[in-house]
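Peer 1:
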Amino acid sequence: MDLKKTGSIIAAGLRYFISLIAFVSFQYLPAFSQQENYAWLNLYTRTRPVQTTLSQENISFFSTQAIDYEHKNSIFSSNTVFVDCGEGGSAVNPVATPSTEPGGSAVSPNTKVLNPELAYDASESTYSTIYMDEQQKGVQLSQFILFNNPGQSTDQVRLKLSLTGDLLNDNDYTVTLQGFMGSTAVGSPLPITTGLTTNQYQYFITPGATFDRIKINILTNNNGNKKAQINVHYVTLIAPPPVFPGSTTINGQTTSTATQCEGSVVLGITNPDANYVYKWYDSANTYLSTGTTYSPPIATGTYVYYVEASRGTTCPSSAQHQINLTVNPKPQTPSIALN
Amino acid sequence: MKTKPYLKILLFAALFIQGNAFAQTYPVYLCGNATVILKPTLVTINTGEQIVWVETTSGSDVQVQSGTTQNYTTPTNLTVGEHSYKVYIISAAPNSCPGDASAIYKIYKLPTSTLTLATASLPRYCENAGLNSTMVATSAPASSLPTGVSYNYTWTATKDGASIASSSVGSNATSGLTNTFTVNTTTPGSYALTVAANYEVPSGSTLKSSDNAGCSEPASATNTVVVAPKPGQPTIDFQ
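Sequences listed follow chains P and C, in order. Residue numbers 0 to 338, in numbering that gives the first Met the number 0, belong to the letters of the first sequence in order. Residue numbers 0 to 238, in numbering that gives the first Met the number 0, belong to the letters of the second sequence in order.
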């Protein structure tokens with residue numbers, strides 16, 4: 000009798016054990032596991048908490064504020080999420096200074112910055128005017144455009160400038176651009192000697208160290224009756240073009256040649272900066288992905304890809320870097336046998 | 000008590016799996032200072048391509064040979080135990096693309112072993128006494144042997160100093176690492192017996208040994224068994 004009871008207990012135990020194994024195993028069956036994953040993904044993507052930081056890309060999951068991606072535009076427009084693309088945020092407009100050299104002229108009351116706020120408004124068609132009156136000798140006038148957040152050492156500044164009125168003449172004026180960190184000059188002043196016309200013209204300067212403002216400066220040599228007006232349409236920070244090993248610049252476009260092996264193709268930025276977003280494009284300039292590396296699913300052959308950097312997904316991008324990629328075939332896979 | 004059929008099947012399966020889960024044999028076994036030459040197959044090696052051999056130990060690869068030499072010869076001083084090798088090809092420069100590695104090829108280096116021969120149970124018996132004498136040879140590998148590897152024992156015998164077949168003297172049987180020879184001949188004489196043991200690997204596997212005899216290890220001792228003739232039948236005479 001006892002033996003029979005013991006056998007029943009063992010049999011019952013085995014039945015429970017089999018049931019347990021079956022239960023544990025079911026979740027590994029594809030259908031069940033996919034169902035679970037889908038459920039998880041639905042939970043995961045339906046709402047996404049937002050951190051109210053300056054960068055849209057730094058959205059954190061730790062905030063309690065939630066946002067529905069299907070309506071993110073409307074929420075973004077009414078929310079505090081702000082992407083700092085590097086546009087100028089304010090201006091400092093010191094009064095013109097007379098020459099410290101003997102023979103310099105006094106500063107004309109008309110020599111001043113007009114509509115200073117239009118240099119950093121959203122419109123590129125409006126502008127501030129750094130106006131230098133006539134009969135000015137050795138007079139200096141400048142406008143400082145301040146950024147909301149400092150530019151990094153690798154950041155470029157893009158300025159859109161134009162000239163109104165009298166022709167700029169090197170003998171009459173010296174126009175320079177220079178970065179500043181507070182009151183300290185950063186890098187060397189970049190003289191503008193070409194390109195300034197009545198049309199908007201883009202200038203780029205890389206101060207080379209952390210900076211929080213850019214100075215546009217006019218110095219008169221001896222302008223006689225030639226008034227000068229430098230119009231500042233737009234000033235913004237932009238990311239530098241990404242750099243690859245052995246990259247070259249051809250006609251202003253950085254390019255590089257990459258040779259990789261079939262099956263392990265990875266394109267990577269050599270100077271990635273956490274402040275930037277890197278976007279990858281194919282030869283038709285079709286967007287592919289975002290990240291510091293890109294692994295194209297490609298076979299043997301030659302390909303062209305482009306990558307560009309920006310301070311945020313909606314910010315202006317750097318010049319594109321072209322990558323001429325050659326993918327070489329890999330050898331066959333051997334087996335091992337006894338000789 | 001009646002056991003349900005499915006429980007029997009389950010128990011049988013559990014026992015079967017337990018008994019075979021860790022049984023592994025190898026295509027090649029080495030012993031002594033033997034080496035084995037491995038070669039890459041199924042591919043055509045082109046000029047300038049590099050053939051790289053690696054040994055995988057605890058999940059990490061160690062390159063053991065690289066160059067245009069295709070075959071790899073294992074060293075004579077391999078450590079005892081399992082050795083796993085892979086090979087892959089790197090295309091000719093300047094492409095220098097590494098191909099996928101081959102599947103792992105495993106070999107096993109067998110340990111050295113010693114053989115001892117115990118004294119005979121009966122060093123002397125009479126031809127007509129219906130007795131026999133047993134002697135036990137025991138192998139002692141320096142480390143445990145892998146599944147399926149065993150020893151083969153070879154007995155040699157002399158009778159009164161002349162070689163004879165050991166089978167004419169008696170028979171032997173193996174049990175684990177021991178082999179027992181039973182001398183049961185009834186032919187009078189002085190029999191000297193000694194034994195050697197060599198490795199035996201599973202069917203289908205190859206054993207490479209430096210002596211081409213499975214690393215035969217002789218016992219240092221020799222046992223002598225004397226089969227004494229019965230005395231001649233006496234006759235009774237009168238004086």
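The beta-carbon is built from N, C-alpha and C at its ideal position, and this holds for glycine as well.
(1) In whole angstroms, what separates the C-alpha of N323 (chain P) from that of L117 (chain P)?
(2) Assuming E81 (chain C) is part of the beta strand (DSSP E), what are its boundary residues?
(3) Is the beta carbon of T205 (chain P) less than 9 Å from the beta carbon of P239 (chain P)?
(4) Select from C:L29, C:Q23 and C:A22 the residue whose C-alpha is nearest the C-alpha of E199 (chain C).
(5) Are the C-beta atoms of S95 (chain C) and some chain P residue less than 9 Å apart?
(6) Can you tell me which of C:K108, C:T146, C:A91 and C:S138 puts its alpha carbon nearest to the alpha carbon of T153 (chain C)?
(7) By the three-class DSSP mapping on this structure, what secondary structure does L117 (chain P) have?
(8) Going residue by residue through the stretch 133-197 of chain P, where are the continuous beta strand (DSSP E) segments of at least 3 residues, counting only ones entirely within it?
(9) Output the distance between the C-alpha atoms of D67 (chain P) and N198 (chain P), rounded to the nearest integer angstrom.
(10) Let me make sure I understand the geometry here. Which of C:P187, C:G66, C:G188 and C:L176 has the alpha-carbon closest to that of A195 (chain C)?
(11) Is A220 (chain C) close to chain P? Criterion is C-beta to C-beta, closer than 9 Å.
(12) Tell me which residues of the stretch 314-333 of chain P have at least one Cβ-Cβ distance to chain C shorter than 8 Å, keeping chain order.
(13) Looking only at its own chain, which residues have a Cβ that is under 6 Å from the Cβ of K278 (chain P), when we skip the five neighbours before and after it?
(14) So does the stretch 221-232 of chain P actually touch the stretch 149-161 of chain P, counting three or more Cβ pairs closer than 8 Å?
(15) If you run the structure through DSSP and keep just helix, strand and coil, what is S167 (chain C)?
(16) Give me the Cβ distance between A156 (chain C) and L109 (chain C), rounded to the nearest whole Å; I'm assuming they're in contact under 8 Å.
(17) Are there 16 or more other CB atoms within 10 angstroms of the CB of A229 (chain C), so buried, or fewer, so exposed?
(18) Determine, using beta carbons only, whether A257 (chain P) comes closer than 9 Å to chain C.
(19) With a threshold of 9 Å between beta-carbons, can L337 (chain P) be considered close to chain C, or not?
(20) Rounded to whole angstroms, what's the CA-CA distance from P74 (chain C) to S219 (chain C)? Just pull it up for me.
(21) For E261 (chain P), which residues in chain C fall below 8 Å Cβ to Cβ?
(22) Inspect the beta-carbon positions of T256 (chain P) and H320 (chain P) and report whether they are closer than 9 Å.
(23) Taking the straight line between their C-alpha atoms, what separation do you get for K105 (chain C) and G31 (chain C)?
(24) If you check the beta carbons only, do P187 (chain C) and V224 (chain C) fall under 9 Å apart?
(25) Please tell me whether A20 (chain C) has its Cβ less than 9 Å away from any Cβ of chain P.
(26) CA-CA distance, E54 (chain C) and S65 (chain C)?
(27) Could you name the residues of chain P that S90 (chain C) contacts, counting a contact when the two beta carbons are closer than 9 Å?
(28) Using only the alpha-carbon positions, how far apart do T40 (chain C) and L114 (chain C) sit?
(29) Based on DSSP bridge pairs, tell me the residues matched to I322 (chain P).
(30) What does DSSP give as the partner residue(s) for F180 (chain C) in the beta ladder?
(31) Which of the three DSSP states is assigned to V143 (chain C) in this structure?
(32) On the DSSP letters alone, give me the boundaries of the beta strand (DSSP E) that I50 (chain C) sits inside.
(33) Determine whether the Cβ of A21 (chain P) lies closer than 9 Å to any Cβ atom of chain C.
(34) By Cβ distance, which residues of its chain are closer than 6 Å to G47 (chain C), with the 5 residues on each side in sequence left out?
(35) Consider the Cβ of N32 (chain C): report whether some Cβ of chain P lies at a distance smaller than 9 Å.
(36) Would you mind telling me which residues of chain P sit closer than 8 Å to N70 (chain C), beta carbon to beta carbon, in chain order?
Peer 2: Here's the rundown:
(1) 42 Å
(2) G80 to I89
(3) yes
(4) C:L29
(5) yes
(6) C:S138
(7) helix
(8) 139-150, 155-163, 172-180 and 183-191
(9) Residue confidence for D67 (chain P) is low, a pLDDT of 27 falling below 50, so the modelled location carries little weight and cannot support an answer.
(10) C:L176
(11) no
(12) N327, P328, K329, P330, Q331, T332 and P333
(13) T289 and E307
(14) yes
(15) helix
(16) Not really, about 28 Å apart at Cβ, beyond 8 Å.
(17) The sequence shown places Lys at residue 229 (chain C), not Ala. Exposed, because fewer than 16 other Cβ atoms sit within 10 Å of the Cβ of K229 (chain C).
(18) no
(19) yes
(20) 29 Å
(21) C96
(22) no
(23) 18 Å
(24) no
(25) Because A20 (chain C) sits at a pLDDT of 45, beneath the cut-off of 50, its placement in the model cannot be relied upon, and the following sentence gives the value as read from the coordinates. It does not; no Cβ of chain P falls within 9 Å.
(26) 12 Å
(27) C260, N327, P328, K329 and P330
(28) 40 Å
(29) P:S255 and P:Y304
(30) C:M134 and C:N171
(31) In the sequence as presented, Val is not what sits at residue 143 (chain C); that position holds Ser. The answer is coil: DSSP assigns S143 (chain C) none of H, G, I, E or B.
(32) Q49 to T56
(33) With a pLDDT of 45 at A21 (chain P), under the threshold of 50, the predicted position of this residue should be treated as unreliable, though the coordinate-derived value follows. Cβ-Cβ to chain C under 9 Å: no for A21 (chain P).
(34) A91
(35) no
(36) N338
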